[in-house]
Amino acid sequence: MTDLCSLTLKEAVEVAKKDGAQPILDAFSKRAALLNPKVNAFLCFEKGTDPLKALKGLSPYSLHGVPVSIKDNICIDGREVTCASKILQKHVPPYDATVITKLKNAGATLFGQCNMDEFAFGSSCETSAFGPCRNPWDLERVPGGSSGGSAASVAADMTLAALGSDTGGSIRQPAALCGVVGVKPTYGRVSRYGLIAFGSSFDQIGPLTKTVEDAAILMNILCGHDPKDSTSSPQSVPDFTQALKRDVKGLKIGLPKEYFIEGIDPEIEKSVRQAAEIYKKLGAEIKTISLPHTEHSVAVYYIVAVAEASSNLGRFDGVEYGLRVPTKDLREMYFETRDQGFGQEAKRRILLGTFVLSAGYYEAYYLKGQKVRTLIRQDFEKAFKEVDVILSPTSPTAAFKIGEKVADPIAMYLSDIFTIPANLAGIPAMSVPCGFTSGGLPIGMQLMAQPFDESTMLRTAYAFEQEAGIYKRKPKL
Amino acid sequence: MDINIDKVAELARLNLKAEEKQKLARDLGAILEYVKKLDALDTSKVEPTSHVLNMENVFRADEAKPSDAAEKALEHAPQTDGPFFKVPKIVQR
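If you read the sequences in order, they're chains C and B. Just so you know, the first sequence maps onto residues 7 to 483 in my numbering. Just so you know, the second sequence maps onto residues 331 to 423 in my numbering.
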C-alpha cells in the first residue's frame with residue numbers, strides 16, 4: 007500500500023470516498039506526532055475522527071473527511087486560537103470563520119493549527135511566541151513566513167493541505183521556501199470574516215497545497231461573496247478546476263525587468279528564466295515588461311500595512327479576551343498587558359504604525375504611502391494591457407538560516423520585495439515550485455494575474471507543473 | 331531620524347522595558363530613514379488608494395438574529411461580573 011500521507015488532496019479524497027477517511031486521519035496523526043517535535047509546524051493538532059462516519063451517505067461531501075490544517079489566526083468555534091502570540095493565550099473564539107464553515111460544509115477534517123509569525127508579522131516564522139517552525143528541507147533553515155507552519159506541514163506530508171493568510175507574501179514566500187503551491191486570491195475573493203486582522207486592506211486567506219490541482223479544488227470551496235465581510239466581492243466564482251488545461255498557446259507572459267535585480271540569488275534568476283523558456287516551448291509569448299515603481303513597494307507596505315496593523319491590534323488590551331496582567335488601575339492594565347503580551351516584532355510594528363498615523367506625520371508618511379500605492383496599482387493596470395500573466399521569482403533567495411536576519415528588520419522586510427506589490431494592487435498571485443538550488447533547497451516562481459482572473463493564473467501554473475514535474479520531489483525527514 | 335520613542339509608546343499604550351527601548355528606537359529610525367526614499371516621487375497629482383476594490387458602501391438590514399456569542403465570549407473573558415466585563419478601577423483618588 008502506498009503511504010497515505012504522500013497522497014495529494016485529490017488522491018486522498020478518492021481513497022476516502024472508497025474506504026472512509028479514518029485510515030488517512032490515523033496515518034496523519036501518526037506522522038504529525040512523529041515529525042512535529044522536529045519541525046514545529048503545528049501549535050496543536052487533533053487526533054482526527056472521520057466527521058462523515060455518522061453522516062455517511064447523506065450528501066456528496068466533496069472532501070470526504072480528509073485532513074486540512076489551518077493557520078492559527080483563523081477562528082474555529084470552540085478551539086483556542088493564538089496568532090502565535092502570548093497576548094491571545096487561552097482565547098477560545100465563539101464562532102467559526104467563514105472559510106471554516108465552508109471547509110466543514112465541504113466535509114474536511116480540521117486537523118492541525120499551524121505555527122506562524124506572531125500576528126503574521128514576519129517572513130521567517132521566527133517571531134512565533136511558541137518557538138520557530140523549521141524548514142522540512144533543512145531543519146537549520148526557516149520555512150519562510152508568516153504562514154510558515156502551513157507551508158512546512160504540507161511539505162513534510164504532515165497534512166494534505168493547509169490554509170494560510172497573505173498580507174505581503176505570507177502564503178507565497180513560505181510556499182516558495184518549502185517547495186509547495188501557495189495561492190493568494192484577488193482581494194475580496196475570499197471572506198476575511200473570522201481571520202484575525204493584520205492589514206485589513208491587504209489580508210487574504212488562501213490555500214497551500216502539494217499541487218496546482220489541489221489549490222484549485224480548495225479555491226472552489228473557499229471563494230465567494232460573504233455578507234459578513236463587507237469587503238468581500240459579489241463577483242461570481244468560476245469552477246477553477248475547469249481551468250486546468252495544459253495549454254498556454256498564445257498566452258502573453260510578462261517578465262518584469264525590475265524583478266531581476268542585483269541582490270537576487272543567481273540560481274533563482276536562472277531557474278525562473280528556465281521556466282520562461284519552458285513556457286516559450288509550450289507556445290506562450292514571453293515579453294519583457296516594466297513595473298517602474300517596484301522598488302518603492304516595500305517602503306509603501308511598511309507604512310500603510312503597519313498603520314492598519316497598529317489600529318487592528320488596539321483591541322488587545324486585556325479587557326475582553328486573552329491575557330490580562332493584573333494592575334491597580336485600568337490605564338496601567340493596558341500598558342502592562344500589551345508590554346508582556348506582545349513580542350518584539352509586534353511592538354516594532356505597533357510603534358511604527360502609531361508613529362506614521364500620529365499628528366504631524368500623517369501626511370508625510372501615511373498619505374504619501376497611499377499615493378505611491380496608487381502608482382503601483384497603475385503599473386499593473388498598464389502591464390496587463392500588454393500581457394495576460396506576469397512571471398517573476400517569488401523570493402530573492404531560497405530558505406535562509408534560522409537567526410540570519412533576525413537582527414536586521416530591513417533585511418527581513420526586503421525578503422518580501424517581490425510578493426508585496428500584488429497585495430498593494432489587490433491582484434491574485436501564486437507561488438509554484440520551479441526548481442532547486444545546488445544545495446537542494448526549493449525555488450518558487452510567482453505568477454500574477456488581473457483581478458479576479460485566478461483561472462488564467464492557475465492554468466498557467468498547471469501547464470508548467472505538469473511539464474516540469476518538480477512537485478514529485480520530497481524532503482527527506 | 332530621531333523619534334521620541336516614549337511619546338510613541340505612550341500613544342500606543344505600550345510599556346517598553348528599558349533594555350528594549352534603545353534597540354526599538356534605533357530600528358524605527360532606520361525604517362523611517364528607509365521609507366524616506368518615497369519623497370523622491372512627485373505625488374502632487376496622485377489620488378491616494380485606501381482600498382483596492384472599487385466598491386460603494388455596503389449596507390444590510392439591521393435585523394436581530396439568534397446568537398449565543400455574548401455568553402460564549404464572557405465565558406473566556408479575563409474577568410466578568412454577570413453580563414459585564416470587569417476591569418480594575420478607572421479613577422484613582
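Think of the CB as a built atom: it goes at the ideal place given N, C-alpha and C, for glycine as much as any other residue.
Residue pairing by DSSP places I106 of chain C opposite no residue, since no beta bridge is assigned to it. For F386 of chain C, the enclosing alpha helix (DSSP H) stretches over residues 374-392.
Taking a Cβ-Cβ cut-off of 7 Å, D9 of chain C has no neighbours in chain B, whose nearest Cβ is about 39 Å from it. Residue state for I223 of chain C is assigned as helix, using DSSP reduced to three classes.
Q350 of chain C and P378 of chain B have their C-alpha atoms some 31 Å from each other.
Here F117 of chain C is buried: its Cβ has 16 or more other Cβ atoms, across all protein chains shown, within 10 Å.
Inter-residue distance for L40 of chain C and D78 of chain C is about 21 Å (C-alpha atoms, whole angstroms). Its Cα nearest to that of S374 of chain B, the residue C:V378 stands out among C:V378, C:V218, C:A290. DSSP places P29 of chain C inside the alpha helix (DSSP H), whose first and last residues are 28-45.
Here K286 of chain C has I292 as same chain residues with Cβ atoms under 7 Å from its own Cβ, once five neighbours each way along the sequence are excluded.
Residues of the segment 364-379 of chain C with a C-beta atom less than 8 Å from some C-beta of chain B are S364, Y371, L373, K374, G375, Q376, K377, V378, R379, listed in chain order. Taking 8 Å as the threshold, the shortest C-beta distance from Q352 of chain B to chain C does not fall below it.
The contact set of M339 of chain C on chain B, defined by CB atoms closer than 8 Å, consists of V417, P418 in chain order. The count of Cβ pairs closer than 8 Å, one atom from the segment 129-144 of chain C and one from the segment 359-370 of chain C, stays below three, leaving the stretches out of contact. Taking the Cα positions, A203 of chain C is about 27 Å away from F246 of chain C. Near chain C, meaning a CB-to-CB distance below 7 Å, the residues of the segment 355-381 of chain B are D357, L358, A360, I361, Y364, V365, K367, L368, L371, T373, V376, E377, P378, T379, S380, H381.
For A428 of chain C against A417 of chain C, the beta-carbon gap comes to about 21 Å, at or over 8 Å, which does not count as contact. At a cut-off of 8 Å between C-beta atoms, P408 of chain B counts as an interface residue with respect to chain C. For A114 of chain C, no beta strand (DSSP E) encloses it, and the DSSP letter there is neither H nor E. In the three-state reduction of the DSSP assignment, G260 of chain C falls in the strand class, which pools E and B. About 4 Å separates the Cβ atoms of T400 of chain C and Q452 of chain C, confirming a contact at the 8 Å cut-off. For a cut-off of 8 Å, the C-beta gap from S152 of chain C to G347 of chain C is around 18 Å, too long to register as a contact.
C184 of chain C carries a helical assignment under DSSP once its states are collapsed to helix, strand and coil. According to the DSSP assignment, F470 of chain C belongs to the alpha helix (DSSP H) that extends over 460-474.
Between the segment 454-463 of chain C and the segment 293-304 of chain C there are fewer than three C-beta pairs closer than 8 Å, too few to call the two in contact. Going by C-alpha positions, D323 of chain C is about 12 Å away from A407 of chain B. For P233 of chain C, the closest Cβ of chain B is nearer than 8 Å. Apart from sequence neighbours up to five positions away, the residues of its chain that approach Q95 of chain C with a beta-carbon distance below 7 Å are T88, G328, L329, ordered along the chain. Neighbours of H302 of chain C in chain B, taken as residues whose beta carbon is under 8 Å from its own, are K367, L368, L371 in chain order.
Cβ atoms of Y193 of chain C and L354 of chain B stay farther apart than 8 Å, at about 31 Å.
Cβ contact annotation for T217 of chain C (same chain, cutoff 6 Å, sequence separation greater than five): T14, Y477, in chain order. A straight-line Cα-Cα distance of about 25 Å links D394 of chain C and P180 of chain C. Chain-ordered, the chain C residues with CB closer than 7 Å to the CB of K402 of chain B read P100. By the CB criterion at 8 Å, C120 of chain C and G155 of chain C fall inside the cutoff. Membership of G441 of chain C in the beta strand (DSSP E) is indicated by the continuous run 435-442. The Cβ of F361 of chain C sits closer than 8 Å to at least one Cβ of chain B.
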